[in-house]
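S.K.: Below is one structure. I have some questions about it.
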Amino acid sequence: MFSTFADGWPGVGLLLQRLLVGAALLYFEFVCVSATPVCAFAVTKSVAACAGLLLIVGLWTPIVGVVLAGVEAWIALSANGSGAVPIALAVLGLTLAMIGPGAWSVDARLFGRRRIAFRGP
Numbered sequence: 061m062f063s064t065f066a067d068g069w070p071g072v073g074l075l076l077q078r079l080l081v082g083a084a085l086l087y088f089e090f091v092c093v094s095a096t097p098v099c100a101f102a103v104t105k106s107v108a109a110c111a112g113l114l115l116i117v118g119l120w121t122p123i124v125g126v127v128l129a130g131v132e133a134w135i136a137l138s139a140n141g142s143g144a145v146p147i148a149l150a151v152l153g154l155t156l157a158m159i160g161p162g163a164w165s166v167d168a169r170l171f172g173r174r175r176i177a178f179r180g181p
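In structure tokens, the structure reads:
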């Protein structure tokens, strides 16, 4: 499911990207739910907010990235106004799905590089 778990500066970049996308999804969910009346995309924004939480911790990143891209594309195509922000979030979700979560994630701890030690006779 993962090609690599980037560490060093690339890993920091992936961590920052995950934090940015996750925080943006949680913010837009809060704005949607606290609006009067509740916005028309409350259910899809809730799915996106759950995806944002999973992205923040870095769990199931490729799957969550694809789900996020689909949900945000749906929101962008269904919205009457500008769909620039949902499209940007969809693209960021796809990039996270393609690149992976990075070394600082739950995915790296669960599915990270394994070391096989061979013992001599």
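Quick note on numbering: the numbering used here labels position 3 of the sequence shown as 63, and the sequence is numbered without any gaps.
Glycine included, each C-beta is placed from N, C-alpha and C at the ideal position.
(1) Quick test of your reading: L154 and V81, contact by CB under 8 Å. State the CB separation rounded to the nearest angstrom.
(2) Could you check the C-alpha separation between L79 and L85 for me, to the nearest Å?
(3) Nearest-angstrom Cα distance between V93 and A144?
(4) What is the rounded straight-line gap between the Cα of G130 and the Cα of A111?
(5) Pop quiz: G160 and T121 are said to be a contact at Cβ under 8 Å. What is the actual Cβ separation, rounded to whole angstroms?
(6) Which stretch, first to last residue, makes up the alpha helix (DSSP H) that contains R169?
(7) Pull up the CB-CB distance for V166 and V126, whole angstroms please, since I reckon it's below 8 Å.
(8) What is the rounded straight-line gap between the Cα of A163 and the Cα of V151?
(9) Identify which residue in R169, G73, I135 has its Cα closest to the Cα of K105.
(10) Is the separation between the beta-carbon of L74 and that of A66 shorter than 9 Å?
M.R.: Once the coordinates are examined:
(1) About 11 Å separates the two Cβ atoms, so there is no contact after all.
(2) C-alpha separation (whole angstroms): 10 Å.
(3) Rounded to whole angstroms, V93 to A144 spans 20 Å at the Cα level.
(4) 11 Å
(5) 6 Å
(6) 166–171
(7) V166 to V126, Cβ: 18 Å. No contact.
(8) 21 Å
(9) I135
(10) Contact: yes.
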